[in-house]
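For the record, in the sequence shown the residue sitting at position 118 is 157 according to my numbering, with numbers rising by one throughout.
One structure is given below, encoded as structure tokens.
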Amino acid sequence: LDRLGKMARGHGNGWGSDKTAMHQGYPTINLNLALLAPLVRPHLSVLDGFIAMEGAGPVNGEPVPWGIAVAGTDSLAVDILTARLMGFGLNEVGYLHYCATLGLGCADLARVEVVGNIAQEAVARAFKPHPRHEEQRRWQRAGALEFLRRTLPTAPTPAPEVSAS
């Protein structure tokens with residue numbers, strides 16, 4: 040997780056994002072990523088974990104030779120799978136929680152076909168969180184889900200395929 044309490048991920052790394060406006064603290068960045076989710080739907084999300092980072096990332100973290108890549112057509116499923124492989128739960132990362140609750144992708148990894156040449160158990164590890172991870176987990180705000188439900192358009196989500204190798 041980086042210093043804003045989110046993973047460097049396939050969701051929200053889109054072109055043209057106003058980083059100053061989006062990065063106004065933990066509650067705001069997580070809400071903004073959830074607001075962007077139905078508008079910026081990549082055809083393919085690819086996360087490069089060959090050299091990952093833990094601790095005080097993205098600048099002062101410790102490199103971890105992990106040796107994996109995760110890719111798929113559902114960026115939420117890709118992000119949730121990657122978070123799980125890193126040892127973080129769905130409810131520990133705000134935008135993942137919001138997107139999953141709102142149905143903005145497949146959050147049920149039992150419904151996701153994972154293909155690859157290495158078992159998930161072989162690459163899963165507990166990454167060290169950011170030193171301020173307790174503060175970062177204060178992303179929840181009363182009324183946030185109601186705000187998102189009023190604001191976001193609804194659309195059906197196709198079943199994804201995620202590849203981990």
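Note that beta-carbon positions come from the ideal geometry of N, C-alpha and C, so glycine has one too.
All values reported here derive from a predicted model rather than from experimental measurement.
Taking the DSSP output, what are the residues bridged to residue i?
i	result
P104	I90
G249	Residue 249 lies beyond the residue range present for the chain, which begins at 40 and ends at 204; the question has no answer from this structure.
Do you know offhand how far residue i's Cα is from residue j's?
i	j	result
T67	V153	32 Å
G96	H169	7 Å
A91	T140	28 Å
Q179	L72	14 Å
R177	D87	27 Å
V151	G64	32 Å
A110	S84	5 Å
V79	F186	19 Å
L191	L74	7 Å
N69	A183	10 Å
M61	A161	Low confidence applies to M61: its pLDDT is 43, below 50, so where it sits in the model is not reliable enough to give any reading.
W105	A165	12 Å
P77	C145	13 Å
A181	I157	41 Å
Q159	N99	27 Å
Ignore the nearest five residues each way along the sequence and tell me which others in residue i's own chain have a CB closer than 6 Å to its CB.
i	result
K167	E93, G94
I'd like to check one pair, residue j with residue i: are the Cβ atoms closer than 8 Å?
i	j	result
H82	T121	no
L135	D118	yes
A108	F89	yes
C138	L115	yes
Looking at residue i and the ligand GDP, is the gap between the Cβ and the nearest heavy atom below 7 Å?
i	result
L86	Of the ligands one can find in the structure shown there are none, so the ligand GDP has no counterpart to examine.
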